[in-house]
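>
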Amino acid sequence: MRHFVIVGILVILTSILTYLGLSAIGLMPVEASAQAVPIDWLWNWEMVTISFLFSLIMVPLAYSLIVFRRKKGDMTDAEHMEGNYALEITWTIIPLMLVLVFAYLGSYSLGLTRRADPNAMIIKVKAQQWSWTFDYPDYGFTSNELHLPVNKQVVLQMESADVIHSFWVPEFRVKQDVVPGRVTEYRITPTLIGPYKVRCSEMCGTSHAYMEAPVIVNAQADFDSWVSAQKEAAAAASLTPEGHGQQLVLANGCRGCHTIDGSVLTGPSWLHMYGNPVELSNGTTVIADDAYLKESILDPKAKEVKGFAPTVMPPFKFTDQEIADIIAYLKTLK
Ligand SMILES: [Cu+2]
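Start counting the sequence shown at 169; every next residue gets the next number (the numbering used here).
1. Is any heavy atom in ligand 1 found nearer than 6 Å to the beta carbon of M326?
2. Compute the beta-carbon to beta-carbon distance between L195 and L273, rounded to the nearest angstrom, for a pair I have assumed lies under 8 Å.
3. Note down, in chain order, each residue of its chain lying with its Cβ closer than 6 Å to the Cβ of Y231, except the 5 sequence neighbours on either side.
4. Report the rounded CA-to-CA distance for V473 versus C422, giving the unit in angstroms.
5. Taking any heavy atom of ligand 1 as the mark, which residues have a C-beta closer than 5 Å to it, listed down the chain?
6. In chain order, what are the residue ranges of uninterrupted alpha helix (DSSP H) at least 4 long that sit wholly in the region 355-421?
7. What's the gap between the Cα of T217 and the Cα of E339?
8. I think Y460 touches L498, with their Cβ atoms under 8 Å apart; what is that distance to the nearest whole Å?
9. Could you check the C-alpha separation between S234 and G189 for me, to the nearest Å?
10. Counting along the chain, where does the beta strand (DSSP E) carrying L316 start and finish?
11. Apply the 10 Å Cβ neighbour rule to H426 and answer buried if 16 or more other Cβ atoms are within range, or exposed otherwise.
12. When the Cα of V337 is compared with those of E447, M379 and D245, which residue comes out closest?
13. Excluding the 5 residues flanking L314 on each side, which residues of the same chain have their C-beta closer than 6 Å to its C-beta?
14. With a CB to CB cut of under 6 Å and the five nearest residues on each side skipped, what residues in its chain are close to V331?
15. Just to confirm my understanding: we take A419, look at its own chain, exclude 5 residues before and 5 after, and list those with CB closer than 7 Å. What are they?
16. W259: buried (16+ other C-beta within 10 angstroms of its C-beta) or exposed?
17. Starting from the Cα of H376, find the closest Cα among L433, D242, A404 and V342 and give me that residue.
18. Hey, D208 and E214 are a contact pair by Cβ (cut 8 Å); roughly how many whole angstroms apart?
19. Compare the C-alpha of R283 against each of V322, Y304 and A246 and name the closest.
20. For the beta strand (DSSP E) containing E447, list its first residue and its last residue.
21. Would the region 276-292 count as touching the region 341-360 if we require 3 or more Cβ pairs under 8 Å?
22. When the Cα atoms are used, what is the spatial distance from H412 to A381?
23. If I'm right that N319 touches T281 with Cβ under 8 Å, what's the distance once you round it to whole angstroms?
24. Which class does L439 belong to by DSSP, given the choice of helix, strand or coil?
25. Excluding sequence positions up to five away, which residues of its chain have a Cβ less than 8 Å from the Cβ of F486?
26. With DSSP as the reference, please indicate the residues paired to V351 in a beta bridge.
27. Let me know the secondary structure DSSP gives K462 once reduced to three states.
28. Looking at the unbroken beta strand (DSSP E) that takes in A288, where does it start and where does it end?
29. Please work out which residues of its chain come closer than 8 Å, Cβ to Cβ, to P478, disregarding the five sequence neighbours upstream and downstream, and give them in chain order.
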């Protein structure tokens, strides 16, 4: 009996210490959405249970190893035991109840995170190797940054152009796969103004680790002025060929593979590309003129740039006018 009391007290103490320790590590980033609240609540109860179960196993184990170890010179066998129904029923029923309780709590909080606001703003998200594009159909522009107004539910309707990606902003907690051939939905109500980042959390190829985009939660007034600035910029840009070319580049995710500052991602940088010689993988050299660029965009396999994987870039379909505008934009980077 004395042993049970001591072990009982030690289990309680260890549970508390384990729980405090786990909480102190700060496993979770800040909580920045309404959907994060039920998830963190559930997570907290899981941590409480985990701390207790861990102690319930480790404390009696360690206690027995130390207190009931074989004494010097003691050569007798241990007591022989033949089953214990009461104990076996207990350790079947209690874990079963625990699993059922957590299954209930899990589906309950899942339901809370899925609550739909009929007035939610719709944003269309396109995921492709290796970039995110955000289309605001209510306002008529496309951006590579996701701006959201605080305390308003938004629903992201997400599509993939190639393989499976996954939309994940750790501060929002919720995560959703983006699957080719269907539209998946992601509902979120941001509650904390600030800059975050979406990352792809489904291994999707060479530059998967760099498939990130800024996510910015704004106060309503800041969001509104961002929207009108974007709308104006989009309207102004579509008036010039190079402006229109830049919009096409943004909307088609080219910048997931090509930079404009000389650094190299999956594809060659566009800085100083136009009009300069390009070394090809077959050993020859071409000048990056209009004809070469057009061919590179419509049929990337035709000429392969030395040092880059040839099959990575998907072939794009553009009209002659669109190609001309994209090339006009590429010329501004020479
Ligand atoms: Cu991805």
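Beta carbons: idealized from backbone N, C-alpha and C, even for Gly.
Reading from the atomic positions:
1. no
2. Actually they do not touch by this definition, with Cβ atoms about 19 Å apart.
3. V175
4. 16 Å
5. H333, C368, C372 and M379
6. 388-405 and 409-419
7. 24 Å
8. That pair is no contact at about 11 Å.
9. At residue 234 the sequence reads Ile, which differs from the Ser that was named. Rounded to the nearest angstrom, the two C-alpha atoms are 24 Å apart.
10. L314 to P317
11. buried
12. M379
13. F302 and V383
14. C372
15. T301 and T310
16. exposed
17. L433
18. Incorrect: roughly 10 Å between the Cβ atoms, too far for contact.
19. V322
20. P445 to E447
21. yes
22. 22 Å
23. The pair is not a contact, with the Cβ atoms about 16 Å apart (cut-off 8 Å).
24. coil
25. L416, I465, L466 and I494
26. None, per the DSSP bridge assignment.
27. helix
28. First-last for A288: undefined, no H or E at that position.
29. S449, P468, K469 and E472
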